[in-house]
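Comments concern the structure below.
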DNA sequence: AACTCGGGGCA
DNA sequence: TGCCCAGAGTT
């Protein structure tokens, strides 16, 4: 596991590589963000962004989602994948918003996690992006990057990764770091072919050095 | 912890 | 073709 100085190196490198990193899901209010994040599970942002503009043109409020027949909503989001469950969840979630939150999106992680189709990751993203609550949403990118760099241990669960990052990163940097790590993971420290040769963090990355050695042997 | 849902993108 | 993707819910 990295020490404090090494962690600072990581945060600085993330900033230098992806200073403008931010949530890429197109949305103009918390409700649209919530729906977009629910839809984005196991799908790419690019794909979700192709569907949501038209979707939000048609559905503007939780009531709109409640009113439409399930089959019609499923058809509207078919291209995204996992659409059967997602359509059900969005209808159910909309009903909960209306019945328990006055039609508004709640701002706390706990309230968000109680909504259908919203797990810890989605709750963290919405709380952080829409309401500026301190949170680190651990998706596959953040998890992979954390483990490769040694910001967390290999055998850590997703929850343990989140808790470790929260412990090691200053709270005022949680949000930016979250987004920068996602960009770092998607464009640089990729799951399949990480670009270790051109990585500014190779000097402190055991996984990267291991990969380099392996490549040199071949 | 493992399994399922699932179409799209990419090699 | 085969494999992976900004996960959540159930068993």
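In the UniProt record's numbering, the protein residues as written are 1 to 218.
All C-beta atoms in this analysis are idealised placements derived from N, C-alpha and C, irrespective of residue type, glycine included.
Environment of residue i [buried if 16+ CB atoms lie within 10 Å]
i, result
"residue 139", "buried"
"residue 162", "buried"
"residue 135", "buried"
"residue 122", "buried"
Inter-residue Cα distance where the pair is residue i and residue j
i, j, result
"residue 57", "residue 77", "13 Å"
"residue 153", "residue 208", "15 Å"
"residue 16", "residue 217", "32 Å"
"residue 68", "residue 52", "16 Å"
"residue 173", "residue 167", "12 Å"
"residue 49", "residue 171", "30 Å"
"residue 70", "residue 141", "32 Å"
"residue 127", "residue 133", "5 Å"
"residue 28", "residue 214", "47 Å"
"residue 178", "residue 115", "23 Å"
Contact check, residue i vs residue j, beta carbons under 8 Å
i, j, result
"residue 212", "residue 196", "yes"
"residue 2", "residue 169", "no"
"residue 33", "residue 130", "yes"
"residue 119", "residue 89", "no"
"residue 144", "residue 205", "no"
"residue 124", "residue 109", "yes"
Exercise. Quick one: any contact between the segment 47-67 and the segment 90-108, if contact means 3 or more CB pairs under 8 Å?
Worked result: Enough Cβ pairs lie closer than 8 Å, so yes.
Exercise. Whole beta strand (DSSP E) runs in the segment 152-209 with 3 or more residues, listed along the chain?
Worked result: none
Exercise. In the segment 13-68, which residue ranges form an unbroken alpha helix (DSSP H) of at least 4 residues, counting only runs that do not cross its ends?
Worked result: 30-39, 45-58, 62-67
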